[in-house]
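Engineer: Below: one structure in structure tokens.
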Amino acid sequence: MRWIKWLGIVSVLAACAAAGSVSATAVNVTVADAGGVLVDAVVSLEPARPAPPTATRTAEMDQVNSQFVPAVLAVRTGTLVRFPNNDQIRHQVYSFSPAKRFELPLFQGTTATPVRFDQAGVVTIGCNIHDWMLGYIVVLETPYFGKTGSDGRAQLEAPAGSYTLRVWHPRIKGAASSEPLVIAREPVQRRVTLQTTGAEPAAAPPDARVRALQDKFRNADPKKPRP
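In mature numbering (1 follows the signal peptide of the UniProt record, and there is no 0), the protein residues as written are -26 to -1, 1 to 201.
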């Protein structure tokens, strides 16, 4: 009889898992501007009721050939982000964005301590040494998000319900695009057209504090060429 009881428990768990998978609806969003589809647009679905918290997650924004890789990273609030440096030169990663202000020590290789991004918003990432390095970390309070690929499409899954569909891109004019979206059991297809600037935004010119740091590190390492 014990094995019959165990079989019943397994059957219930399997049924619950199947129900959970059925309740997740595919949402495919294509993002474009007047010139065509857009790569690296962050697409998110914000539920009417806040989604329950999840275990702490980790992510990486690498530094390769004096560029941030990926250039755009989407994470949920509370995520720990590492900034490994795979270049043969040192970098110093920083941000002055309101959603997350931080400054890592000058380093090469792997940083000892990841940075926790605990407030929603767009965080602009730069390097104190190399002015042209520019990246973005989009911190979201929802677990339902994705990023467009070379075809301009982002593929998400979310339970049935009422959401706000938001789309952000580094070249967007103004705030993120938003519109209401009701998800049922049938797959959803959406196309969002953004108003964008004509070119990728340049890194903000460093203020006096950043310039002082840059000069300090360059002077401390006379063998390192100036960018």
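All residues carry an ideal CB built from backbone N, CA and C; glycine is no exception.
1. So what does tyrosine 68 bridge to, in DSSP terms?
2. Does the ligand NAD have even one heavy atom less than 8 Å from the beta-carbon of threonine 30?
3. What are the start and end residues of each continuous beta strand (DSSP E) run of 3 or more residues lying completely inside the stretch 125 to 160, in chain order?
4. Quick check: the Cα distance between isoleucine 111 and threonine -2, rounded to an integer number of angstroms?
5. According to DSSP, is glycine 10 helix, strand or coil?
6. Between the C-alpha atoms of alanine 132 and isoleucine 63, what's the straight-line distance to the nearest angstrom?
7. Can you give the Cα-Cα distance for asparagine 2 and leucine 80, rounded to whole angstroms?
8. What residue does the beta strand (DSSP E) around serine -4 start on, and which one ends it?
9. Identify which residue in Gln66, Arg145, Val156 and Thr116 has its Cα closest to the Cα of cysteine 101.
10. Alpha carbons only, please: which of Met107, Val166, Ser151 and Thr170 is nearest the one belonging to proline 36?
11. For threonine 84 versus proline 58, is the C-beta spacing smaller than 9 Å?
12. How many Å lie between histidine 143 and glutamate 153 at the Cα?
13. Within this structure, are the beta carbons of valine 156 and tyrosine 137 separated by less than 9 Å?
14. In terms of residue numbering, what span does the beta strand (DSSP E) encompassing serine 18 cover?
15. Check whether the Cβ atoms of threonine 98 and serine 69 lie closer than 9 Å to each other.
16. Taking the alpha-carbon of leucine 130 as reference, which of Ala8, Val96 and Ser18 has the nearest alpha-carbon?
17. Would you tell me roughly how many angstroms separate the C-alpha atoms of glutamate 115 and alanine 149, rounded to the nearest one?
18. Just verifying my parser: in three-state terms, what is the DSSP assignment at arginine 31?
19. Alpha carbon to alpha carbon, what distance is there between glutamate 20 and leucine 139?
20. To the nearest whole angstrom, what separates the beta carbons of threonine 51 and glutamine 93, a pair I think is in contact under 8 Å?
21. If you draw a straight line from the C-alpha of proline 24 to the C-alpha of glutamine 41, how long is it?
22. What number of angstroms, rounded off, separates the C-alpha of aspartate 61 from the C-alpha of valine 43?
23. Within the continuous beta strand (DSSP E) that includes isoleucine 63, where are the two ends?
24. Report the CB separation of alanine 73 from glycine 95 in whole angstroms; it is logged as a contact under 8 Å.
Structural biologist: Quick answer:
1. Glu77 and Gly100
2. Ligands in the displayed structure: none, and consequently the ligand NAD is not present.
3. 127 to 133, 135 to 142 and 151 to 157
4. 26 Å
5. strand
6. 42 Å
7. 41 Å
8. Element bounds for serine -4: not the beta strand (DSSP E) but the alpha helix (DSSP H), -25 to -4.
9. Gln66
10. Reading off the sequence, residue 36 comes out as aspartate, not proline. The shortest Cα separation from aspartate 36 among Met107, Val166, Ser151 and Thr170 belongs to Met107.
11. yes
12. 16 Å
13. yes
14. 16 to 21
15. yes
16. Ser18
17. 17 Å
18. coil
19. 7 Å
20. 7 Å
21. 35 Å
22. 12 Å
23. It is not in any beta strand (DSSP E) - isoleucine 63 carries neither H nor E in the DSSP assignment.
24. 3 Å
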